[in-house]
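Take a look at the structure below.
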Amino acid sequence: MKKLFLFLVMLQGIGFAQLLGQQTIHGKIIDEIGEPLIGATVFVKETTNGTITGINGTFQLEIVNATDTLTVSFIGYTTQNVAPRNNMTITLLSDVVQIDEVVVAAQKPMVLITADKTTIFPPLSPTTASGNAYSVLKNLPGIIINSDGTIYLNGKSGVKVLVDGKSSYLSGTDLINYLMSLPATSLNRIELINHPSAKYEAAGNAGIIDICTHKTNLFGYNVKLNTYYEQGKYSRSNNNISFGYRKNKWNITSMLGYYRGGDYVDLTTNRNYPATNIEPLTFFDQDSYRRRKDNNKYFSLVTDFYATEKTTIGLNVRGNTSNRIENGTINSQFYSETTDNDSTVISQTNNDRDWKNLTSSLYIQHKIDSLGKEISASVDGVYYSINETQYHNDVLSRPDGASSESSSQTLKDGNIKMGSARIDWEYPINEQWCFDAGIKSDFVTINNSFDYQNIENNMWVVNPELSTNFYYKENINAGYFCSKYKVHKFTAEVGVRIENTNVEGDEFEQSYTNLFPNMMASWRFENSNAISLTYDRRIDRPNYKDLNPFVYVFDEYTYEQGNTELQPQFTNRIMLSYTIQRAYKVSAFYNNILDAIIKSYIVRDDSKRVWVMPTNMSSYNSYGIQVDAGNLKFVDWLQTSLHTELVQNNYGWIENGTTVKNENITFQIGIQNRIKLPWGWNGEINGFYNSRMAYGQMDVLPVWQLSGGIQRNFFNDNATLNILSNDWFHSNKIRAGGVICGSDVSTQDFTDHTIIGVSFTYRIKKGLDVKDVKSNKEINTNRISL
Numbered sequence: 147m148k149k150l151f152l153f154l155v156m157l158q159g160i161g162f163a164q165l166l167g168q169q170t171i172h173g174k175i176i177d178e179i180g181e182p183l184i185g186a187t188v189f190v191k192e193t194t195n196g197t198i199t200g201i202n203g204t205f206q207l208e209i210v211n212a213t214d215t216l217t218v219s220f221i222g223y224t225t226q227n228v229a230p231r232n233n234m235t236i237t238l239l240s241d242v243v244q245i246d247e248v249v250v251a252a253q254k255p256m257v258l259i260t261a262d263k264t265t266i267f268p269p270l271s272p273t274t275a276s277g278n279a280y281s282v283l284k285n286l287p288g289i290i291i292n293s294d295g296t297i298y299l300n301g302k303s304g305v306k307v308l309v310d311g312k313s314s315y316l317s318g319t320d321l322i323n324y325l326m327s328l329p330a331t332s333l334n335r336i337e338l339i340n341h342p343s344a345k346y347e348a349a350g351n352a353g354i355i356d357i358c359t360h361k362t363n364l365f366g367y368n369v370k371l372n373t374y375y376e377q378g379k380y381s382r383s384n385n386n387i388s389f390g391y392r393k394n395k396w397n398i399t400s401m402l403g404y405y406r407g408g409d410y411v412d413l414t415t416n417r418n419y420p421a422t423n424i425e426p427l428t429f430f431d432q433d434s435y436r437r438r439k440d441n442n443k444y445f446s447l448v449t450d451f452y453a454t455e456k457t458t459i460g461l462n463v464r465g466n467t468s469n470r471i472e473n474g475t476i477n478s479q480f481y482s483e484t485t486d487n488d489s490t491v492i493s494q495t496n497n498d499r500d501w502k503n504l505t506s507s508l509y510i511q512h513k514i515d516s517l518g519k520e521i522s523a524s525v526d527g528v529y530y531s532i533n534e535t536q537y538h539n540d541v542l543s544r545p546d547g548a549s550s551e552s553s554s555q556t557l558k559d560g561n562i563k564m565g566s567a568r569i570d571w572e573y574p575i576n577e578q579w580c581f582d583a584g585i586k587s588d589f590v591t592i593n594n595s596f597d598y599q600n601i602e603n604n605m606w607v608v609n610p611e612l613s614t615n616f617y618y619k620e621n622i623n624a625g626y627f628c629s630k631y632k633v634h635k636f637t638a639e640v641g642v643r644i645e646n647t648n649v650e651g652d653e654f655e656q657s658y659t660n661l662f663p664n665m666m667a668s669w670r671f672e673n674s675n676a677i678s679l680t681y682d683r684r685i686d687r688p689n690y691k692d693l694n695p696f697v698y699v700f701d702e703y704t705y706e707q708g709n710t711e712l713q714p715q716f717t718n719r720i721m722l723s724y725t726i727q728r729a730y731k732v733s734a735f736y737n738n739i740l741d742a743i744i745k746s747y748i749v750r751d752d753s754k755r756v757w758v759m760p761t762n763m764s765s766y767n768s769y770g771i772q773v774d775a776g777n778l779k780f781v782d783w784l785q786t787s788l789h790t791e792l793v794q795n796n797y798g799w800i801e802n803g804t805t806v807k808n809e810n811i812t813f814q815i816g817i818q819n820r821i822k823l824p825w826g827w828n829g830e831i832n833g834f835y836n837s838r839m840a841y842g843q844m845d846v847l848p849v850w851q852l853s854g855g856i857q858r859n860f861f862n863d864n865a866t867l868n869i870l871s872n873d874w875f876h877s878n879k880i881r882a883g884g885v886i887c888g889s890d891v892s893t894q895d896f897t898d899h900t901i902i903g904v905s906f907t908y909r910i911k912k913g914l915d916v917k918d919v920k921s922n923k924e925i926n927t928n929r930i931s932l
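Numbering (this note's numbering), first residue to last: 147 to 932.
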């Protein structure tokens, strides 16, 4: 009896000990780019004790022993075995066709595709791992950039460009100059977002390009040195040093660099003026050549302080100073069917432009609980200034020997000041249902002065007709709410964003409030494929340059001016997509744009002068199909990514009281081929083709490009060498043609795309990677996404 009593006590003690050892752990499963994996399996190894992740990729699971091992799996991703701990975040890597990552030994796919976006990793490609953000974007399939800074994404303009989730509030050449200050070595990934949630600003009818930069992921310190040189018609170089330090509660990343280079714009324009009762059919030929010299100094500093396990405070500061000297000549010739040469104008233009740009962000993020509840807030600021001097000289010659000369100069001085504040709240109700909400306010002030002067009697005299001051204030107040619900294989997301816009200028004042609904429904199949239907409404307000009434004089016959009467454009978009294992996608889409803002051309009969200015068109819609393939593997040594699209663009506008239309169907294809070469080298050949495309009054004629490069790591993967060559056949030239007010117009626009370049990066590091740090404390490495 005594032995039986002792045996029962022992059993009871063991059970009590097990009860004491049992605990509930919480965690989250994400992919390489931080997106939650819904429906991933988590179970205790060699048991039937398990669960699946909910709508935010979160889970909770009871374990008995701290020595248990968790097995985490998801279709299309590699399975991981990890030690359990509370508030853990587990990253699964895709097991589709993979390639070596540049810096670390882990494997990553080059392209990830989901229903709402495509994610590209520039460091994995020899042709995008060097240069700057501007040169990287130019080499991505589906993106075309004009010399004036207009960006097309999949054949559509109206692209919103973000850096780390934040707007630069710049456009055109000012935006391009800013992108040139972001070295390619600082880029982590680029997200092409075709269906932004209500959390994003409602701007961007063609979608959003979010350029995400690197952040220190090493405990200890790391230093990265990079030098890049490329030679086209002119040379360009980019040299920078970055430093990262992470210890205890501090994480610091900084960069300092210098860009210097030359470029050119070779523009040819031909116009035919129809015959009148007074004048015969007249022809106008113009050759313009502008050479640019850029000097750009830039820096960045990102600091995160992990105050507690749940609270992170951060500061992000980025800035650059730039100088561009642009000298150009324009030869313009008039002639008719009856005369060989009616007149010739030779123009000389010299520009000296200085930019200064500083952006900053102070943010805080607090995790409320392990289910994913969190609140974040940030205060942002932007200061941008420009000082420019333009000198212009025209010499007019006639066949009879008579000639005349005129000179002018413009003094431009201006700045943009922006302040912004926002609060975001994420609140999962349970594993199936969550909602997000937030508010934001932006305040922008622009103050520019343009002093236009002519020479009269050897003295500079102000021209009051062309001189102007531009004062502009904008305040946008926004709030959003979105909810996401998942039951079994069905996921639904519904959101709405409200934006109140208040605009004040010297010649206009506007105030309006709009609602922007956002909806998505998705069904995931057993094989991890999914079908989804999305709808959203978006707005594109006139950018500051388009509103500015300042007149930019190219020559006596070509003026460019802003339009203070521009109205915002609104877009309704719907898309049906079928996604296969986050690597392939087939989509059908329809876009309807009201009051589309398009660069237009107006011919003045009295002077044959063409005024270029943005206007609101009466109608614009587009529809088509597109196919994306992230990882095609035909043989072991070749991996291919593909984007192709067939789209119909229809434009309509009023001209002399009559509705005029421009309609065209366009085929686009972009291919990236990753090639595994001998002796540790990786190679790449990529290219794109864009057939004739309607764009407002003009048609953009076919354009194509082939590029390639090779890449290899040295010194135990501490150094990387890239050799690249772009636009092998000098075919990337933007050509356009159309009929403007009865006049036939055609243009050819060349820039310095054909180059060969070499980049060398060397890394010095001491410490452990985050994934190698064994700690029972969850380390918060997330940045606020705005």
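For glycine and all other residues, C-beta sits at the position ideal for the given N, C-alpha and C. Here the structure is a predicted model, which means the values were calculated and not measured.
Rounded C-beta distance between residue i and residue j? I'm assuming under 8 Å.
i: Ser507; j: Ser446; result: Not really, about 11 Å apart at Cβ, beyond 8 Å.
i: Ser733; j: Ile771; result: 7 Å
i: Arg464; j: Thr415; result: No, Arg464 and Thr415 are not in contact; Cβ-Cβ is about 38 Å, not under 8 Å.
i: Glu472; j: Arg438; result: 5 Å
i: Arg382; j: Gly408; result: 7 Å
i: Gly304; j: Asn351; result: 4 Å
i: Gly826; j: Arg858; result: 5 Å
If I follow the unbroken alpha helix (DSSP H) through residue i, where does it start and stop?
i: Asn323; result: 318-325
i: Lys691; result: 690-693
i: Leu283; result: 279-284
Assuming contact is defined by CB atoms lying nearer than 9 Å, are residue i and residue j in contact in what I supplied?
i: Ser313; j: Glu337; result: no
i: Ser986; j: Ile817; result: Past the boundaries of the shown model lies residue 986; the chain is included only from 147 to 932, so the question cannot be answered.
i: Thr475; j: Asn462; result: no
i: Trp669; j: Lys630; result: no
i: Gly196; j: Leu183; result: no
i: Tyr690; j: Met666; result: no
i: Asn386; j: His360; result: no
i: Gln851; j: Asn872; result: yes
i: Ala344; j: Phe627; result: yes
i: Ser327; j: Tyr405; result: yes
i: Asn687; j: Asn718; result: It should be pointed out that residue 687 corresponds to Arg in this sequence rather than to Asn. Taking 9 Å as the Cβ cut-off, Arg687 and Asn718 do not qualify as a contacting pair.
i: Ile236; j: Ile175; result: yes
i: Gly518; j: Glu572; result: yes
i: Ile622; j: Asp588; result: yes
Under the three-state reduction of DSSP, which class applies to residue i: helix, strand or coil?
i: Ser332; result: helix
i: Trp663; result: The sequence given here places Pro at residue 663; Trp does not occur at that position. Here Pro663 sits in strand by DSSP.
i: Pro610; result: coil
i: Leu823; result: coil
i: Val867; result: Per the sequence shown, residue 867 should be read as Leu rather than Val. Strand at Leu867.
i: Leu238; result: coil
i: Pro287; result: coil
i: Pro848; result: coil
i: Pro342; result: coil
i: Leu270; result: helix
i: Ala252; result: Caution applies to Ala252, whose pLDDT of 34 falls short of 50 and renders its modelled position unreliable; the value that the coordinates give is listed next. Note: Ala252 maps to coil in three-state DSSP.
i: Lys912; result: strand
i: Trp874; result: coil
i: His899; result: coil
i: Asp246; result: For Asp246, the pLDDT reaches just 30, beneath the cut-off of 50, and the residue's location in the model is therefore unreliable, although a value from the coordinates is still provided. Strand.
i: Leu932; result: Residue placement at Leu932 cannot be trusted, given a pLDDT of 25 that sits under 50; what the coordinates show is reported in the next sentence. Leu932 falls in the coil class under three-state DSSP.
Could you tell me the boundaries of the beta strand (DSSP E) in which residue i lies?
i: Pro760; result: 755-762
i: Phe700; result: 697-701
i: Trp799; result: 784-801
i: Gly565; result: 549-574
i: Tyr537; result: 520-543
i: Lys586; result: 579-602
i: His360; result: Element bounds for His360: n/a, residue is neither H nor E.
field: Segments of 3+ residues assigned as beta strand (DSSP E) that fall wholly inside the region 438-501
entry: 457-482
Whole runs of the beta strand (DSSP E) within the region 380-417, excluding any shorter than 3 residues: 381-393
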